[in-house]
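Numbering (the UniProt record's numbering), first residue to last: 1 to 158.
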């Protein structure tokens, strides 16, 4: 079942770095930012992760917890997290369950070949587990600022 705006998330469960188990119920009471990215250690994904890292304190202050999601395995995520000193956890969606649930798996053309890849997307889930905003097919520049602004607006409305 695909999450729909202004509806509660379907039950989800995934493993994240740091031994964290991500479920819809585990973070009730907190705003959750789930950002999907194509691959660890690639230029755009590194830039995006560093922007979330650099503004992490502001997300925490606004009552949000941030998770990055990609199809990379836990070992890759742990290394990526350590290298960039990321203060948030990364979800290893190796079986693409979350990617398919959120509809971020897309056919792309890379170097003239059709490949299945992750469309850079971010989802904002409120403290009651309801999907409040989504950004799909985003460009990295300015995106994290936009998400932080939405988190702050959600906090104000609460």
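Note that CB positions come from ideal geometry on N, CA and C, so glycine has one too.
Taking the C-alpha atoms as reference points, what is the distance between residue i and residue j?
i           : j           : result
residue 152 : residue 63  : 9 Å
residue 136 : residue 52  : 17 Å
residue 93  : residue 11  : 15 Å
residue 105 : residue 138 : 14 Å
residue 8   : residue 128 : 8 Å
residue 6   : residue 130 : 6 Å
residue 81  : residue 132 : 27 Å
residue 162 : residue 84  : Shown here, the chain extends from 1 to 158; a query on residue 162 therefore has no answer.
residue 96  : residue 155 : 31 Å
residue 134 : residue 141 : 16 Å
Exposed or buried, residue i, counting other C-beta atoms within 10 Å across all chains shown (16 or more means buried)?
i           : result
residue 109 : exposed
residue 72  : buried
residue 54  : exposed
residue 145 : exposed
residue 34  : buried
residue 77  : buried
residue 2   : exposed
residue 147 : buried
Just tell me which of the options has its CA closest to the CA of residue i.
i           : options            : result
residue 37  : 133, 99, 132       : 99
residue 122 : 28, 21, 70, 128    : 70
residue 58  : 87, 94, 101        : 87
residue 19  : 32, 101, 143, 91   : 91
residue 28  : 41, 103, 126       : 126
residue 157 : 31, 13, 48         : 31
residue 79  : 60, 65, 111, 39    : 39
residue 124 : 116, 113, 149, 117 : 149
residue 65  : 44, 41, 24         : 24
Specify the secondary structure class of residue i as computed by DSSP and reduced to three states.
i           : result
residue 53  : helix
residue 106 : strand
residue 62  : coil
residue 34  : strand
residue 82  : helix
residue 97  : helix
residue 2   : coil
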